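Written out below as structure tokens is the structure these notes cover.
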Amino acid sequence: MYIEDIPEGNLRYGYTTGACATAATKAALIGLITGNIPDEVTIELPVKKNAVFKISHKRLENDYAEASVLKDGGDDPDVTTGLFIYSRVYMSPGKDIKILGGKGIGVVTREGLPVRPGNSAINPVPMRMIRGTAMKVLNDHGINNGLSILIYAPGGNEVARRTCNPKLGIIGGISILGTTGIVTPFSTSSWKASIVLALRVAIKNSIKDFVFTTGGRSDSEAKKILNGYPEESFIEIGDFAGFSVKRAMDVGANSVTIVGMPGKMSKLAMGCMDLHAHSSSVDFNFLSDIAKKIKMDKKLIEKIGNSNTVAEVMQIINYNNEFINYLKNLIIQRLTEYTNNRLKIDAIIIRSDNGV
Numbered sequence: 003m004y005i006e007d008i009p010e011g012n013l014r015y016g017y018t019t020g021a022c023a024t025a026a027t028k029a030a031l032i033g034l035i036t037g038n039i040p041d042e043v044t045i046e047l048p049v050k051k052n053a054v055f056k057i058s059h060k061r062l063e064n065d066y067a068e069a070s071v072l073k074d075g076g077d078d079p080d081v082t083t084g085l086f087i088y089s090r091v092y093m094s095p096g097k098d099i100k101i102l103g104g105k106g107i108g109v110v111t112r113e114g115l116p117v118r119p120g121n122s123a124i125n126p127v128p129m130r131m132i133r134g135t136a137m138k139v140l141n142d143h144g145i146n147n148g149l150s151i152l153i154y155a156p157g158g159n160e161v162a163r164r165t166c167n168p169k170l171g172i173i174g175g176i177s178i179l180g181t182t183g184i185v186t187p188f189s190t191s192s193w194k195a196s197i198v199l200a201l202r203v204a205i206k207n208s209i210k211d212f213v214f215t216t217g218g219r220s221d222s223e224a225k226k227i228l229n230g231y232p233e234e235s236f237i238e239i240g241d242f243a244g245f246s247v248k249r250a251m252d253v254g255a256n257s258v259t260i261v262g263m264p265g266k267m268s269k270l271a272m273g274c275m276d277l278h279a280h281s282s283s284v285d286f287n288f289l290s291d292i293a294k295k296i297k298m299d300k301k302l303i304e305k306i307g308n309s310n311t312v313a314e315v316m317q318i319i320n321y322n323n324e325f326i327n328y329l330k331n332l333i334i335q336r337l338t339e340y341t342n343n344r345l346k347i348d349a350i351i352i353r354s355d356n357g358v
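Residue numbers for the sequence shown follow the numbering used here, so the first one is 3 and each next one is one higher.
Below is the structure:
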């Protein structure tokens, strides 16, 4: 795979399931028309760049042709990397181009997503990419027929269990996604988009009380502690605390409980709304000041101020309840101020030994 004019850097860019499905469709359609499925095809991405895709599997029958592209997300930790995205193309009467999902492609079952319930989880931009590319191939060959296009991904059902699809109400497989055609490694925009989608789906299902977790471990612990909440209430927000609470306000949420480990929660207590290491760091004088306010031993206060990590601080204070509660109340205060008191805020700080 080769994408033109991608910025150079240490991390390798990849391409979306939507781009793969489009390239596979183009190869299959060319094969159906000419009797020869090409070894590679070039497609135009939504960002107005061209990408060249190698074609993996090829099959040419009397009434259809199919081809596949190996999904490669570059250096992004994308669980769909390694799947083959197939397109099977049939000629059909009339001029309509019908695009459906087959085995391994999910079906939408809930409101709030870009695709209506009952339809295959092929998002609008990939749908336009596939249709537009197919129309161009037909026009280039002077053909006025309609098409029936089946997109499928063997193994997609198993892979989808490791995505947020089940939580979003997409069952039976992966989604065909992508607004640019390109996968940016560790993309901030992708994570933020998934947070917004999760909020919208939950609101459409009359859920207005949310649990925001800062990572996989805090998410697992939160589900044990708050086991009365529905699955859709739990949203892993990573470092995007400020962004997430603002989007929660936008969709009309009532409350947010934020759950995380002491390091990131200490940043929140300081008023940092972006919790990434590049954007904020913990001030250990801030933590030692908390120890002073609750009248901890002077030697402990000094040790806290000289600590290198928040984990070290927690060991020094042995998760002192008064200290943790003070930190928790500061988080609630900061987020309440940040949201202008429009959300009910609560916080839970997870211990490293899985206690609370």
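In this text, a Cβ means the ideal position worked out from N, Cα and C, and glycines have one as well. Everything numeric in this text was worked out from a predicted model, so none of it was measured.
Which residues share a DSSP beta bridge with residue i?
i      : result
ALA69  : LYS60 and SER89
THR215 : GLU238 and VAL261
VAL109 : SER122 and ILE173
SER150 : TYR92 and LYS100
ILE292 : Paired residues: none, contrary to the question.
LYS346 : SER257
ILE351 : GLY262
PHE363 : Nothing can be reported for residue 363, as the shown portion of the chain is limited to 3 through 358.
When DSSP labels each residue in this structure, what does residue i get in the three-state scheme?
i      : result
LYS50  : coil
SER196 : helix
LEU179 : coil
THR311 : coil
LEU277 : coil
ASP7   : Note that ASP7 has pLDDT 42, beneath the 50 cutoff, so the model's placement of it is unreliable and the number below is only indicative. Here ASP7 sits in coil by DSSP.
ALA21  : helix
LYS266 : helix
VAL43  : strand
ILE209 : coil
ASN167 : helix
GLY158 : helix
VAL284 : coil
Quick check: what's the CA-CA separation for residue i versus residue j?
i      : j      : result
TYR231 : GLN317 : 31 Å
GLU63  : LEU47  : 29 Å
ILE176 : ARG163 : 9 Å
SER89  : ILE209 : 37 Å
THR182 : ILE205 : 27 Å
ILE351 : LEU199 : 26 Å
GLU233 : GLY37  : 49 Å
ARG118 : ILE99  : 19 Å
SER268 : GLY217 : 15 Å
LYS295 : ILE227 : 29 Å
LEU31  : SER192 : 31 Å
LEU149 : PHE236 : 41 Å
THR19  : GLY120 : 20 Å
THR135 : ILE178 : 16 Å
GLY240 : LEU277 : 8 Å
LEU329 : LEU270 : 9 Å
Report all residues from its chain with a CB closer than 8 Å to the CB of residue i; omit the five preceding and five following residues, and keep chain order.
i      : result
ASN356 : Because the pLDDT at ASN356 is just 46, under 50, the model does not fix this residue reliably, and the point stays unresolved.
LYS28  : VAL43, ILE45, THR135, ALA136 and VAL139
Among residues of its own chain, excluding the 5 on either side of residue i, which ones have a beta-carbon nearer than 7 Å to its beta-carbon?
i      : result
ASN258 : One point to set straight first is that residue 258 is Val, not Asn, in the sequence displayed. Contacts found: PHE212, PHE214, VAL247, ALA250, LEU345 and ILE347.
ASP2   : Outside the displayed span of the chain (3 to 358) sits residue 2, for which this structure offers no information.
ARG202 : GLY114 and VAL253
PHE326 : Before going on, a small fix: residue 326 reads as Ile here, not Phe. Only ILE351 meet the Cβ criterion.
Go through its chain and collect everything with a Cβ distance to residue i's Cβ below 6 Å, but skip five positions before and after it.
i      : result
ILE172 : GLY108, VAL110 and ALA123
VAL315 : LEU289, ILE306 and SER309
PRO116 : ASN125 and PRO126
GLY262 : THR216 and SER220
LEU102 : SER122 and LEU152
Closer than 8 Å, CB to CB, is residue i near chain B or not?
i     : result
PRO48 : In the displayed structure, chain B is absent; only one protein chain is listed.
Going by the C-beta, is residue i closer than 7 Å to any heavy atom of the ligand ZN?
i      : result
THR135 : For the ligand ZN, the structure offers nothing, since it holds no ligand at all.
- request: For the region 122-135 and the region 67-87, state whether three or more C-beta atom pairs, one from each stretch, are separated by less than 8 Å.
  value: No contact exists between the region 122-135 and the region 67-87.
Any 3 or more C-beta pairs closer than 8 Å across the region 98-110 and the region 157-171: Contact between the region 98-110 and the region 157-171 is present, because at least three Cβ pairs lie under 8 Å.
message: For the structure I just gave you, are there three or more beta carbon pairs, one from the region 135-143 and one from the region 56-72, closer than 8 Å?
response: Below 8 Å, too few C-beta pairs join the region 135-143 and the region 56-72 to call them touching: fewer than three.
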